[in-house]
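Residue numbers (the numbering used here): 1179 to 1272. Below is one structure, written out as structure tokens; the observations come after it.
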């Protein structure tokens, strides 16, 4: 099926607007990131504590388990910050 010129999507003025960061948006980004990141970190720490206690791991095992849980937690924190920046600077939200 051939596409005609009428099928072309023309971006509206709202989608062409530039993303700007104001001080209020920065506060929102930091607040959302800190709120969600502390929850993720608390769950990760509780999981490490619970699993290491259940399995009776010594210090080396706890460190290994902490690293194994810490890397996905770090990814979640970084991704949360990225999503917060995208959401707060989206011209549709302002």
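From the three backbone atoms N, C-alpha and C, an ideal C-beta is built for every residue, glycine too.
Exercise. For the stretch 1200-1216 against the stretch 1254-1272, are there 3 or more C-beta pairs whose distance is under 8 Å?
Worked result: Note that the stretch 1200-1216 touches the stretch 1254-1272; at least 3 beta-carbon pairs, one per stretch, sit closer than 8 Å.
For this session: Within 10 angstroms of the Cβ of residue 1226, are there 16 or more other Cβ atoms? Answer buried if so, exposed if not.
Result: Residue 1226 comes out buried.
Problem set entry | For residue 1235, three-class secondary structure by DSSP | Coil, per DSSP.
For this session: Use the C-beta contact count for residue 1211: other C-beta atoms within 10 angstroms, 16 or more gives buried, fewer gives exposed.
Result: When all chains shown are included, residue 1211 counts as buried.
Exercise. For residue 1199, does the three-state DSSP call read helix, strand or coil?
Worked result: In the three-state reduction of the DSSP assignment, residue 1199 falls in the coil class, being assigned neither a helical nor a strand state.
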